[in-house]
Amino acid sequence: MGNKSSKMPPGDLDDLLKETYFDKKEIQQWWKGFHKDCPSGELDEKAFSEIYKQFFPFGNPAEFSKHVFKVFDKDGNGKINFREFLTALSVTSRGKLDEKLKWAFQLYDIDQDGTITYDEMLTIVRSIYLMSGSIVKLPEDEDTPEKRVDKIFRAMDKDHNARLDFEEFVEGSKKDPTIVQALSLYDGLV
Numbered sequence: 374m375g376n377k378s379s380k381m382p383p384g385d386l387d388d389l390l391k392e393t394y395f396d397k398k399e400i401q402q403w404w405k406g407f408h409k410d411c412p413s414g415e416l417d418e419k420a421f422s423e424i425y426k427q428f429f430p431f432g433n434p435a436e437f438s439k440h441v442f443k444v445f446d447k448d449g450n451g452k453i454n455f456r457e458f459l460t461a462l463s464v465t466s467r468g469k470l471d472e473k474l475k476w477a478f479q480l481y482d483i484d485q486d487g488t489i490t491y492d493e494m495l496t497i498v499r500s501i502y503l504m505s506g507s508i509v510k511l512p513e514d515e516d517t518p519e520k521r522v523d524k525i526f527r528a529m530d531k532d533h534n535a536r537l538d539f540e541e542f543v544e545g546s547k548k549d550p551t552i553v554q555a556l557s558l559y560d561g562l563v
């Protein structure tokens, strides 16, 4: 692949200034760091998982990072390029609530059919609980993934069809302070 890290291709900086909440200096710094860590210019799922392990040493983030990777990997080629990385990071760290909810919906909608089933949500919530390990003390009505997903579906599934469409997910998420708080977890960190 050669050394792709030396210079950002012409036009990419202007595009990223329009597509993200980062300024010119930040984009250039992220570019340098990304290409230092990923000399090929791409991040694979294994390396992505290793990054998650550094942030969650007391749990097992492998399953969750696999799902997040798929949302970052917009073109579905099994690699995250710099543009995919930075645009996802921009949404998760600096995006507006509605942008974060759209991103979160994509995470939970594993088969990308436009709805979140109970089983899809349970898969993601289980992976979050595994990632968190025993470090987080949860209320009794949420101390298992099943209890948490049951609670979410009782609150959000307005038409009781065992699926959440985007509108139900957004409306329900905005009413749940724990979801809004979780979506704001990375605000201002980068």
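Last residue of the sequence shown? That's 563 in the numbering used here, and every number before it is there in order.
The C-beta atom is built at its ideal place from N, Cα and C for all residues, glycine as well.
Where Asp-385 falls: helix, strand or coil (DSSP): Here residue 385 corresponds to residue number 12 of the sequence shown, with the count starting at 1. Assignment of Asp-385 by DSSP, reduced to helix, strand and coil, places it in the helix class.
Unbroken alpha helix (DSSP H) run spanning Leu-474, endpoints: Residue numbering aside, residue 474 sits at position 101 when the sequence shown is read from its first letter. Looking at the DSSP string, the run of the alpha helix (DSSP H) that includes Leu-474 is 470-481.
Bridge partner(s) assigned by DSSP for Asp-417: By one-based count along the sequence shown, residue 417 stands at place 44. Lys-452.
Helix, strand or coil at Asp-492 according to DSSP, with G and I counted as helix: Here residue 492 is taken as the residue at index 119 of the sequence shown, counted from 1. Per DSSP, reduced to three states, the secondary structure at Asp-492 is helical.
Where Asn-454 falls, given that 16 or more other Cβ within 10 Å makes a residue buried: Indexing the sequence shown from 1 puts residue 454 at position 81. Asn-454 should be labelled buried.
6 Å Cβ shell around Thr-490 - same chain, five flanking residues per side excluded: Taking the first residue of the sequence shown as 1, we reach residue 490 at position 117. Contacts found: Arg-536.
Span of the alpha helix (DSSP H) around Asp-410: By 1-based counting over the sequence shown, the position of residue 410 is 37. For Asp-410, the uninterrupted alpha helix (DSSP H) segment begins and ends at 397-410.
DSSP state of Leu-537 mapped onto helix, strand, coil: Residue numbering aside, residue 537 sits at position 164 when the sequence shown is read from its first letter. Taken through DSSP and simplified to helix, strand or coil, Leu-537 comes out as strand.
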